[in-house]
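See below for the structure under consideration.
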Amino acid sequence: MHCHLDLYSDPKNIVESCKQKGLYALSVTTTPKAWLGTQRLALGYPKIKTALGLHPELAHLRINELDIFDMLFPQSKYIGEIGLDGSNEYKSFYKEQLKVFHHILSRVNRDGGRLMSIHSRKAVLEILSELKRIDGIPILHWFSGSKNELQQAIQQGCWFSVGPAMIKGQNGREVISIIPRDKILTETDGPFGTYNKKSLMPWDVNKLYPFLSGLWNISILEVEKIIEMNFRKIISLL
Numbered sequence: 001m002h003c004h005l006d007l008y009s010d011p012k013n014i015v016e017s018c019k020q021k022g023l024y025a026l027s028v029t030t031t032p033k034a035w036l037g038t039q040r041l042a043l044g045y046p047k048i049k050t051a052l053g054l055h056p057e058l059a060h061l062r063i064n065e066l067d068i069f070d071m072l073f074p075q076s077k078y079i080g081e082i083g084l085d086g087s088n089e090y091k092s093f094y095k096e097q098l099k100v101f102h103h104i105l106s107r108v109n110r111d112g113g114r115l116m117s118i119h120s121r122k123a124v125l126e127i128l129s130e131l132k133r134i135d136g137i138p139i140l141h142w143f144s145g146s147k148n149e150l151q152q153a154i155q156q157g158c159w160f161s162v163g164p165a166m167i168k169g170q171n172g173r174e175v176i177s178i179i180p181r182d183k184i185l186t187e188t189d190g191p192f193g194t195y196n197k198k199s200l201m202p203w204d205v206n207k208l209y210p211f212l213s214g215l216w217n218i219s220i221l222e223v224e225k226i227i228e229m230n231f232r233k234i235i236s237l238l
């Protein structure tokens, strides 16, 4: 699922490799201005879905692009990366983040829902509160909240995208172990997500499969089938 195809150093070759490998991917964007160019990367390959986003870390810098977001909104069934970031580095811009997030969610609600890939670092409860009133399909990307927050998100029907970078730490492994099997999707968050100090490629989701195989006590082939089934299911909900 969630990766930043346009931010790799050689995105065209990355997309071509995705095609050759038959990969499904959600190609998220961090600014509305990036959407058209990112969408063009995947033309003719329907397994790559391009999402329209405005990343919370950039909200205070790109809030003036909301008009562009609104103009492009009817062209995209997929929204991301969006959300809130309450970490020390960005909490001083929380007001701007909320304004952007509220604007996007109200547009999603008004226009019949969208699939949304959501950044929720240090802001899970606020995210969940906002989502209660929204007609959309939320995917919490790289969830890093508490177990109580995770249980609340599960109860609200959220989906989760998880990747190899999450299994480097105990908290990430515990999060993945709690997520229901029918609500889990795989991601790399590449090129930002790393594994063994290297940027993850979209196809590196398979580095997570041995962990899931052991966790669920099934074969890697069965893991692959579950993940693909979940992806097909969530896409069919639109």
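Residue 1 is where the sequence shown starts when you use our numbering, and the numbers rise one by one after that.
Heads up, the beta-carbon is just placed ideally off N, CA and C, and yes, glycines get one too.
Taking 8 Å as the cut-off, is the beta-carbon of S87 closer than that to any non-hydrogen atom of the ligand FAD? With respect to small molecules bound, the structure shown includes none, and the ligand FAD cannot be examined in it.
Between R232 and M1, what straight-line distance do the alpha-carbon atoms span, to the nearest angstrom? The straight-line gap from Cα to Cα measures roughly 11 Å.
Pull up the distance between the alpha-carbon of P138 and that of M116, whole angstroms please. Cα to Cα, P138 sits roughly 5 Å from M116.
7 Å Cβ shell around D70 - same chain, five flanking residues per side excluded: So the list reads R107, once near-sequence residues are dropped.
Beta-bridge pairing of L26 - partner residues as DSSP gives them: DSSP lists H2, K49 as the beta-bridge partner residues of L26.
Could you pull out every residue in the same chain whose Cβ sits closer than 8 Å to the Cβ of S87, ignoring the five residues on either side in sequence? Within its own chain, the residues whose Cβ lies closer than 8 Å to the Cβ of S87, once the five positions on either side in sequence are excluded, are R121, K122, listed in chain order.
Nearest by alpha-carbon distance to L125: which of R114, Q151, A165 is it? Minimum Cα distance to L125 is reached at Q151.
T186 in three-state terms, based on DSSP: Residue state, collapsed to three classes: strand.
Since Y195 sits in a beta bridge, which residues does DSSP pair it with? Note: Y195 sits in a beta bridge opposite K198.
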